[in-house]
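Student: This is the structure I want to talk about, given as structure tokens.
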Amino acid sequence: MNFQCNNSSNSNILQIIKEEVIECKKCNLSRTRKNAVPGEGPTQASIMFIGEAPGAKEDDTGIPFVGRAGNLLEKIFNNIPIFREDVFITNIVKCRPPNNRNPLDIEIKSCTPYLINQINLINPRIIVTLGKYALLNFSPTGKISEDHGKMLIWNKRILYPVYHPAAALRNKNILKSLESDLKKIPEILLLTLSKKLKK
Ligand code: SF4
Numbered sequence: 059m060n061f062q063c064n065n066s067s068n069s070n071i072l073q074i075i076k077e078e079v080i081e082c083k084k085c086n087l088s089r090t091r092k093n094a095v096p097g098e099g100p101t102q103a104s105i106m107f108i109g110e111a112p113g114a115k116e117d118d119t120g121i122p123f124v125g126r127a128g129n130l131l132e133k134i135f136n137n138i139p140i141f142r143e144d145v146f147i148t149n150i151v152k153c154r155p156p157n158n159r160n161p162l163d164i165e166i167k168s169c170t171p172y173l174i175n176q177i178n179l180i181n182p183r184i185i186v187t188l189g190k191y192a193l194l195n196f197s198p199t200g201k202i203s204e205d206h207g208k209m210l211i212w213n214k215r216i217l218y219p220v221y222h223p224a225a226a227l228r229n230k231n232i233l234k235s236l237e238s239d240l241k242k243i244p245e246i247l248l249l250t251l252s253k254k255l256k257k
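The working numbering numbers the first residue of the sequence shown as 59 and each following residue consecutively.
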């Protein structure tokens, strides 16, 4: 289904996408998932956070970023502050790959239309990619070690790559970078209010 961004019916359409994802059997991940994880957040969110794929806890609950990585993200949000209810959080693929392996190209290709439709409907000012694989999906030559914390442009939107919170749990330097990059988001959001970058 190809949705166009338009009006207040967007929240209904987002709900339809959610229901389609929950029922989706377009790739083999539907056979091993417990729950698909469509994403959550308000239709008018200014910021979209996009990770790679759901983990075990997300698979159990159907809710994005609820495991240890999600808790860390929420803790950093609280310190900035960014309110989780003001952002839409989702993943490139909506079902958990077995044993948390990287999603296959065919799985990403099958699932991408859901993400593109979510982006078009929500029309965020900033897309924040979490980790290397989410960045590569938008910028195939991107390098998370070089690009994190930089404002890039993707389809006339700000693309802002940061490290994945799961990596930050394992490495203190990455944690510092993640915290520092996320702290800049309110400032970037203000920048988008200027005429050139207006939504
Ligand atoms: S990963 Fe995406 S395409 Fe594959 S079954 Fe889940 S929702 Fe469908």
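From the three backbone atoms N, C-alpha and C, an ideal C-beta is built for every residue, glycine too.
#1: Whose CA, out of P96, R89 and N86, lies closest to the CA of I75?
#2: Buried or exposed: where does D163 fall if 16 or more other Cβ atoms within 10 Å of its Cβ makes it buried?
#3: At a cut-off of 7 Å, is E77 close to ligand 1 when judged by its beta-carbon and the heavy atoms of the ligand?
#4: How would the residue list near ligand 1 read, in chain order, if you kept each one whose beta-carbon is closer than 7 Å to any heavy atom?
#5: Taking the alpha helix (DSSP H) that V79 belongs to, which residues open and close that run?
#6: How is the beta strand (DSSP E) around L217 delimited, first residue to last?
#7: Please list the segments of the beta strand (DSSP E) lying wholly inside the segment 163-202, counting only runs of 3 or more residues, in order along the chain.
#8: Does I108 come out as helix, strand or coil in the three-state DSSP assignment?
#9: Does T148 come out as helix, strand or coil in the three-state DSSP assignment?
Tutor: To lay it out plainly:
#1: Per the C-alpha coordinates, the member of P96, R89 and N86 positioned closest to I75 is P96.
#2: Classification of D163: exposed, given that the 10 Å Cβ count is below 16.
#3: Result no, Cβ not under 7 Å from ligand 1.
#4: Every residue passing the under-7 Å Cβ criterion appears here: V79, C82, K83, K84, C85, L87, S88, R91, A94, V151, K152, C153, E165, S168, C169 and Y172.
#5: Membership of V79 in the alpha helix (DSSP H) is indicated by the continuous run N68 to E81.
#6: Taken as a continuous stretch (DSSP letters only), the beta strand (DSSP E) holding L217 covers R215 to V220.
#7: Counting only runs of 3 or more, we get 184-188.
#8: The answer is strand: DSSP assigns I108 an E or B state.
#9: Three-state result, T148: strand.
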